[in-house]
Amino acid sequence: MAIITLSLMLLTMMFLKFPINSAVAGKSIITLNGPWKFKTGDHQQWAQSDFNDSDWESIDLTAPAGAHDGDVGLSGYVPGWTARGYPTYSGYAWYRMKVSLDNAERNNIALAGPPAIDDAYQLFFNGALSGNAGDFSGKFPITYSIQPRMFLLPESVKAHSNITIAFRVWMSAATLGQAPDVGGIHIAPELGEKSSIESKYRFQWEQTIKGYIVEIVEPVIFMLLGISLFLLFGNQQPPRSCKWFILALVLLALVRANQAIYFWLQIESTHQYDILTTVLLRPLILGSWLMAWWEWYELRQPKWIPPMMAILTLIYMGTQLLGLPWISGSIDDTLFQKMADYTRLLFVPLMLFIIYRGILCQQRREWLVLLAVLLVSIGLFSQEFAKLHIIPGIWFPYGVGVSTTQYAYAAFVLVMYIILIQRSRKVFVTVYRETGNQALSTDHNA
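This note's numbering puts the sequence shown at residues 33 to 478.
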């Protein structure tokens with residue numbers, strides 16, 4: 033299992049290193065950096081080509097050389113409207129731009145939609161709705177992850193020498209505060225010949241797949257570690273229970289895999305993702321890991337620890353739920369979010385107490401176990417660890433974003449295999465000696 037795990041890690045790094053054949057931007061592709069006309073608010077008349085937007089603000093989406101987003105490494109990233117004079121604004125905003133098609137083959141034109149935008153959008157060509165990212169059928173849009181998209185120029189527009197491209201963008205209040213530069217379009221759309229836009233579209237998808245491939249590999253190695261624990265301790269006499277450790281690994285695998293599922297497949301909305309990941313899985317992961325270390329050290333006292341962990345987990349779930357801005361407009365979500373943050377911090381001293389008690393009860397210092405606790409804790413408390421500014425929260429090997437959390441979990445798994453190999457050898461030596469003594473005793477009696 034350790035060899036398979038190490039092989040998967042090496043293959044993943046080789047995959048990240050493998051270069052992507054980027055689309056070559058030339059005359060066949062026009063990057064629509066702007067200037068765009070921008071205005072907060074919402075009115076359907078703003079989609080029309082003859083609307084006068086001369087008094088709107090002008091925004092340039094030109095990205096500095098080498099700029100990329102802070103998550104997966106998408107190139108061409110620029111700050112959103114919260115960094116452009118609208119720090120507290122959420123809701124609708126519009127981007128408009130007039131483009132000349134005099135030198136273009138109008139029957140073969142497509143547009144590559146922005147692969148990074150907060151949080152949903154509708155695209156209009158000369159006032160005609162031509163596509164969207166998100167569900168705008170209700171009172172408020174239902175948002176999903178933003179994926180690379182390609183839109184063909186409508187037949188009704190091809191006869192015009194000039195077209196007006198308009199984006200109606202929606203950002204939820206829940207997105208405010210996630211980063212200092214959220215809001216609106218982050219990567220400029222591109223217009224051009226269909227085959228070139230298709231190439232650009234594939235390039236953006238390859239970037240997106242690479243950006244979340246680690247979220248698929250790590251759940252696999254978590255499951256392999258869980259199987260190793262079951263096989264190793266289940267065969268001991270008497271068998272030792274590792275149910276909480278295995279449960280913690282399974283929950284951790286689920287929350288990591290759901291990252292890739294959310295961004296690749298769009299089978300769950302942002303609200304569904306919040307409920308599954310933020311409200312349910314993350315509190316359960318914290319509670320199960322504390323129980324895992326409690327069980328690992330075979331602690332029995334004090335008896336109030338397991339009930340306390342269960343109560344904290346339930347409180348954390350409740351405050352996380354009420355801290356979601358979209359749950360109810362009458363609830364002060366910021367208050368409950370602060371309560372959730374404080375509740376989360378209470379898990380830290382509880383974990384330290386469990387480790388301290390475990391060391392005292394076993395009367396030996398297992399430095400590798402302490403290292404494993406530290407590594408998994410960096411992942412579990414990544415938000416708090418990032419505030420220490422010890423190391424960057426995300427790294428970009430080969431231009432692909434890999435978080436410190438992902439590195440910490442990978443190192444944790446390797447350390448755990450070293451611990452298991454050492455313990456299995458000790459068990460083998462003990463059993464071998466006992467078998468030898470029994471054989472000698474039998475020969476003596478004979």
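All C-beta atoms in this analysis are idealised placements derived from N, C-alpha and C, irrespective of residue type, glycine included.
{"Asked": "For the alpha helix (DSSP H) that contains V380, what are its first and last residues?", "Found": "365-394"}
{"Asked": "Go through its chain and collect everything with a Cβ distance to G215's Cβ below 6 Å, but skip five positions before and after it.", "Found": "G112, W113, T114, D150, M203"}
{"Asked": "Which residues mark the beginning and the end of the alpha helix (DSSP H) in which D352 is found?", "Found": "The sequence shown places Gln at residue 352, rather than the Asp named in the question. Per DSSP, Q352 belongs to the alpha helix (DSSP H) from 337-354."}
{"Asked": "State the beta-bridge partners of N194 as determined by DSSP.", "Found": "S132"}
{"Asked": "Going along the chain, which residues of its own chain have a beta-carbon closer than 6 Å to the beta-carbon of C274, five neighbours each way excluded?", "Found": "L261, F265"}
{"Asked": "Going by beta carbon distance, what residues of the same chain come within less than 7 Å of I253, once the five residues before and after it are set aside?", "Found": "T37, L40, V445"}
{"Asked": "Just confirm the distance between the C-beta atoms of I337 and I386, as a whole number of angstroms; I'd bet it's less than 8 Å.", "Found": "7 Å"}
{"Asked": "From this set, E327, I91, F168, V131, which residue's C-alpha is nearest Y124's C-alpha?", "Found": "F168"}
{"Asked": "Along the chain, where does the alpha helix (DSSP H) containing I141 start, and where does it finish?", "Found": "Where I141 is concerned, there is no enclosing alpha helix (DSSP H), although the beta strand (DSSP E) it sits in stretches over 141-144."}
{"Asked": "Expressed to the nearest angstrom, what Euclidean distance is found between the alpha-carbon atoms of H192 and L281?", "Found": "58 Å"}
{"Asked": "Could you spell out where the alpha helix (DSSP H) holding W325 opens and where it closes?", "Found": "314-328"}
{"Asked": "Using CA atoms only, rank isn't needed, just tell me which of G117, I91, A79, P429 is closest to F156.", "Found": "A79"}
{"Asked": "What's the call for H218, buried or exposed, on a 16-neighbour Cβ count within 10 Å?", "Found": "buried"}
{"Asked": "In the structure shown, what three-state DSSP assignment does E137 receive?", "Found": "coil"}
{"Asked": "Using beta-carbon positions only, say whether A67 and D92 come within less than 8 Å of one another.", "Found": "Reading off the sequence shown, one finds Pro at residue 67, where the question assumed Ala. Against a cut-off of 8 Å, the Cβ pair of D92 and P67 comes out as a contact."}
{"Asked": "Quick one, which of L318, W358, D103, P334 has its alpha-carbon nearest Y305's?", "Found": "W358"}
{"Asked": "Tell me, please, whether the stretch 406-421 touches the stretch 221-239 by the rule of three or more beta-carbon pairs shorter than 8 Å.", "Found": "no"}
{"Asked": "Quick check: the stretch 370-385 against the stretch 340-353, are at least 3 beta-carbon pairs closer than 8 Å?", "Found": "yes"}
{"Asked": "Thinking C-beta only, is V110 closer than 8 Å to Q239?", "Found": "no"}
{"Asked": "Curious, which full-length beta strand (DSSP E) runs of at least 3 residues does the stretch 60-91 contain?", "Found": "61-63, 68-72, 89-91"}
{"Asked": "Where L382 and T72 are concerned, what is the direct C-alpha to C-alpha distance, given to the nearest angstrom?", "Found": "47 Å"}
{"Asked": "What are the start and end residues of the alpha helix (DSSP H) that includes S360?", "Found": "Counting along the chain, S360 falls outside any alpha helix (DSSP H), and DSSP gives it neither H nor E."}
{"Asked": "To the nearest angstrom, how far is it from the Cα of I61 to the Cα of I141?", "Found": "10 Å"}
{"Asked": "By how many angstroms is the C-alpha of A152 removed from the C-alpha of Q291?", "Found": "18 Å"}
{"Asked": "According to DSSP, R200 sits in a beta bridge with which residue or residues?", "Found": "W126, Q154"}
{"Asked": "Determine the extent of the alpha helix (DSSP H) in which S227 is found, giving its start and end residues.", "Found": "226-244"}
{"Asked": "Checking 8 Å against the spacing of the C-beta atoms, do Y329 and W296 come in under that value?", "Found": "no"}
{"Asked": "Specify the secondary structure class of I35 as computed by DSSP and reduced to three states.", "Found": "helix"}
{"Asked": "Closer than 8 Å, CB to CB, is K190 near chain B or not?", "Found": "The structure shown contains no chain B, having only a single protein chain."}
{"Asked": "I'd like to confirm the pairing. Which residues does DSSP put opposite A99 in its beta bridges?", "Found": "Its beta-bridge partners do not exist; DSSP assigns none."}
{"Asked": "Could you check whether N158 and S81 sit closer than 8 Å to each other, using their CB atoms as the reference points?", "Found": "yes"}
{"Asked": "What distance in whole Å lies between the Cβ atoms of I307 and I299, which are believed to be in contact at a cut-off of 8 Å?", "Found": "Not confirmed; about 14 Å, so no contact."}
{"Asked": "Let me know if E247 comes out buried or exposed under the rule of 16 or more other beta-carbons within 10 Å of its beta-carbon.", "Found": "buried"}
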